[in-house]
Amino acid sequence: MTQADLVRLYFNKESAYNSWDYCFNQQCPLAQECAHYLSVTYKKPEQTKGYAIYPDAYHDNKCEHFLQLQMMKMAYGFMNILEELKRKDEASFRVHMTSYFGSKTSYYRYKLGQTGLVPEQQQYVLKWCQQHGYTNMRFDRYVEEVNY
């Protein structure tokens, strides 16, 4: 699947438009592989201002904001994991995950499956479980999605 295909799939999600950085630098040698440049064709015509990447971001044969999308196995929700935890481990799990995710609000969004966990986050949660003697833990659901 090409980068252009992944950008198209990503922009099929309505949420993709919120605070997205567009790049209009046609002279950039990385343009045809960069999601920021390829996404310009999906910019809504009524959007006349917003976030942009300036041409001088490309220097020394690289761009500070070069981005490639990829297919990822996202995990949603960890109610199944919580059901498997012993009561004595629940508070520790909640404290560690709240700290890792940055806030109680974020913790609950991940817990309830409102926000997907990228592979690195999944590994963190599962590693905590393994360190506390839990094996074969699974998230509530998994979805292949375009992400970065």
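In my numbering, the protein residues as written are 3 to 150. For glycine and all other residues, C-beta sits at the position ideal for the given N, C-alpha and C.
In whole angstroms, what is the alpha-carbon distance linking L8 and E122?
20 angstroms
Tell me where the beta strand (DSSP E) around M73 begins and ends.
72-78
Spell out the partners DSSP gives I55 in its beta bridges.
Its beta-bridge partners are C25.
Nearest-angstrom beta carbon gap, F141 and N82 [assumed within contact, 8 angstroms]
7 angstroms
I need the DSSP call for V162, collapsed to helix, strand or coil.
There is simply no residue 162 to check, as the chain begins at 3 and stops at 150 in what is shown.
Pull up the CB-CB distance for V148 and L71, whole angstroms please, since I reckon it's below 8 angstroms.
Sure, about 5 angstroms apart at Cβ, within 8 angstroms.
M3, buried or exposed, once every other Cβ within 10 Å from all chains shown has been counted against 16
exposed
Chain-order list of residues whose beta-carbon lies under 8 angstroms from that of R10 (same chain, five-residue window excluded)
Y44
Any idea if V97 is buried or exposed, counting beta-carbon neighbours within 10 angstroms, 16 or more meaning buried?
exposed
Can you tell which of W130, D58, E85, Q116 has its C-alpha closest to the C-alpha of M99?
W130
Which residue wins for smallest C-alpha separation from L84, given the options N27, A6, H61, H134?
H134
If Y78 sits next to V145, beta carbons under 8 angstroms apart, how far is it from one beta carbon to the other, in whole angstroms?
7 angstroms
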